[in-house]
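Residue numbers (this note's numbering): 21 to 510. Even glycine gets a Cβ: it sits at the ideal position worked out from N, Cα and C. This report refers to the structure that appears directly beneath it.
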Ligand code: BES
Ligand code: MN
Ligand code: ZN
């Protein structure tokens with residue numbers, strides 16, 4: 021992790037700068053400028069060069085734009101200009117992420133960073149430097165930056181904000197690692213092991229293996245996992261702080277690989293299906309973060325983990341699956357497997373855990389991407405206050421959500437012939453999936469939300485604080501929501 025420390029502003033100009041990083045903001049008439057450059061000790065020496073450089077690049081103020089020029093044999097020996105756009109949290113994260121990826125030196129000093137930007141900027145640096153480490157990193161991917169000195173008066177509030185950010189980023193990175201890991205390694209048992217080895221003793225864990233899943237009636241998880249040589253698991257994590265007045269249950273889809281099953285996917289659609297446990301990674305990482313941050317809400321994470329394979333023991337189209345608690349699903353597609361494992365976990369939560377609020381996170385449908393594009397998650401709930409609270413937590417995190425409706429018009433399509441529900445009721449696919457899941461929220465129907473994160477769980481390009489591959493989407497939204505909104509919801 022890049023080390024971020026504070027330097028005393030009064031020392032500015034008395035010790036060598038080395039590489040100096042300056043934030044660029046849009047100035048009068050939209051022309052990019054470095055704010056208050058004249059107030060920086062010694063800046064008379066290089067202000068003209070900065071002005072000339074900025075005059076050459078009218079987009080230098082765009083969030084995440086990085087420009088640099090070197091000054092051989094002089095100090096600063098290099099000046100790097102980082103665009104910070106409108107100066108909101110999102111822009112600062114983007115700026116930090118871009119700097120982490122493009123800095124050409126190991127050690128830089130940042131001057132002119134406002135105190136309120138410190139946490140977002142560091143969050144961007146740390147999320148932006150993330151790399152999935154498996155074997156030797158390729159040189160082209162190497163992050164050079166190791167130490168960032170912020171010329172800002174150190175305060176206990178800034179220290180605390182940085183500490184919290186560090187915890188959150190570590191858990192986002194953990195979720196990314198889990199999701200990026202190839203499925204030859206990532207069996208349900210392996211996923212559980214990774215979580216148990218995170219060393220967060222405040223969180224209690226229960227692991228259900230196939231014998232117990234069968235005995236307790238988790239027929240959905242067993243059906244979906246039945247085709248794989250690597251048996252399914254149900255992982256249950258609990259963070260139960262003293263004095264908590266709310267209990268939130270978070271359910272995450274944990275399909276370690278989705279071939280589609282007997283309804284096999286074409287190879288292009290299957291290629292990235294190791295990410296199909298992104299929901300489970302998100303709820304687990306958010307729960308560990310809640311414990312490490314000491315958030316005063318009881319949180320249970322449920323991760324139904326299974327590999328959707330095809331083999332002689334695989335489930336098949338037209339099967340009837342009996343879920344935890346007794347509801348049944350008729351299998352119209354073995355590729356609509358996510359909702360079938362979520363259904364078991366939701367029914368279990370409602371029957372046994374007495375949640376105040378129930379949220380599920382899942383890479384559930386390709387249809388959500390067709391509706392909302394490549395970075396936005398679809399949220400579904402009948403609860404206005406819950407919708408508003410998650411929308412504002414997501415906005416704070418810079419994670420995009422959009423609410424879709426749960427219209428009654430399609431309810432009849434979710435009904436099956438020889439079972440209670442049809443697991444693949446057809447178009448509109450994201451909506452019929454949500455309507456199916458709502459049937460398992462039971463008495464919590466009005467205190468439930470479904471989040472379809474199929475799109476934002478993965479990104480094809482480096483962008484701001486995101487690295488190509490798994491994004492860890494949702495961890496920051498959940499943490500924001502738990503630490504603020506969830507406590508005031510009735
Ligand atoms: N895991 C997929 C959904 C998905 C697709 C996630 C693309 C991320 C990117 C899910 O299990 C699935 O296959 N859904 C089907 C549902 C259909 C069979 C009713 C889909 O979206 O096509
Ligand atoms: Mn599928
Ligand atoms: Zn799937």
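List the DSSP bridge partners of residue i.
| i | result |
| --- | --- |
| residue 88 | 100 |
| residue 127 | 167 |
| residue 25 | 169 |
| residue 267 | 318 |
| residue 441 | 349 and 435 |
| residue 275 | 326 |
| residue 473 | For residue 473, which the question treats as bridged, DSSP gives no partner whatsoever. |
| residue 399 | 423 and 471 |
| residue 228 | 254 |
How about residue i and residue j: do their beta carbons lie closer than 8 Å?
| i | j | result |
| --- | --- | --- |
| residue 285 | residue 490 | no |
| residue 379 | residue 473 | no |
| residue 109 | residue 43 | no |
| residue 215 | residue 270 | no |
| residue 102 | residue 128 | no |
| residue 509 | residue 405 | yes |
| residue 220 | residue 264 | no |
| residue 113 | residue 140 | yes |
| residue 340 | residue 438 | yes |
| residue 426 | residue 454 | yes |
| residue 396 | residue 421 | yes |
| residue 135 | residue 32 | no |
May I have the straight-line CA-CA distance separating residue i from residue j, to the nearest angstrom?
| i | j | result |
| --- | --- | --- |
| residue 226 | residue 79 | 53 Å |
| residue 323 | residue 274 | 6 Å |
| residue 360 | residue 154 | 32 Å |
| residue 233 | residue 462 | 21 Å |
| residue 231 | residue 364 | 16 Å |
| residue 174 | residue 26 | 6 Å |
| residue 95 | residue 53 | 21 Å |
| residue 63 | residue 183 | 32 Å |
| residue 243 | residue 143 | 41 Å |
| residue 522 | residue 488 | One cannot answer for residue 522 here, as it falls past the ends of the chain, which runs 21 to 510. |
| residue 99 | residue 84 | 16 Å |
| residue 222 | residue 310 | 10 Å |
| residue 104 | residue 247 | 50 Å |
| residue 303 | residue 445 | 27 Å |
| residue 343 | residue 290 | 26 Å |
| residue 235 | residue 262 | 33 Å |
| residue 280 | residue 384 | 12 Å |
| residue 460 | residue 424 | 19 Å |
| residue 475 | residue 299 | 12 Å |
| residue 185 | residue 179 | 10 Å |
| residue 106 | residue 82 | 8 Å |
| residue 287 | residue 492 | 25 Å |
| residue 331 | residue 224 | 35 Å |
| residue 202 | residue 34 | 51 Å |
| residue 266 | residue 374 | 10 Å |
| residue 151 | residue 346 | 44 Å |
| residue 90 | residue 315 | 46 Å |
Is residue i helix, strand or coil by DSSP?
| i | result |
| --- | --- |
| residue 514 | In the structure as shown, the chain begins at 21 and stops at 510. Residue 514 is therefore absent and cannot be evaluated. |
| residue 44 | strand |
| residue 405 | helix |
| residue 61 | coil |
| residue 302 | helix |
| residue 349 | strand |
| residue 363 | helix |
| residue 210 | helix |
| residue 215 | helix |
| residue 258 | strand |
| residue 185 | helix |
| residue 252 | coil |
| residue 501 | helix |
| residue 448 | coil |
| residue 34 | coil |
| residue 356 | coil |
| residue 110 | helix |
| residue 119 | helix |
| residue 141 | helix |
| residue 335 | coil |
| residue 194 | helix |
| residue 95 | coil |
| residue 205 | coil |
Looking at the C-beta of residue i, does it have a partner C-beta in chain D at a distance below 8 Å?
| i | result |
| --- | --- |
| residue 358 | Checking the listed chains, one finds no chain D in this structure; it contains a single protein chain. |
**Item:** Cβ contact (3+ pairs, closer than 8 Å) linking the segment 64 to 80 and the segment 120 to 132
**Value:** no
**Message:** I want to know whether the segment 492 to 500 touches the segment 185 to 194 - three or more CB-CB distances under 8 Å.
**Reply:** yes
**Prompt:** Is there contact between the segment 345 to 352 and the segment 413 to 430, where contact requires at least three CB pairs shorter than 8 Å?
**Reply:** no
**Item:** Stretch pair the segment 332 to 341 + the segment 257 to 265: three plus CB contacts closer than 8 Å
**Value:** no
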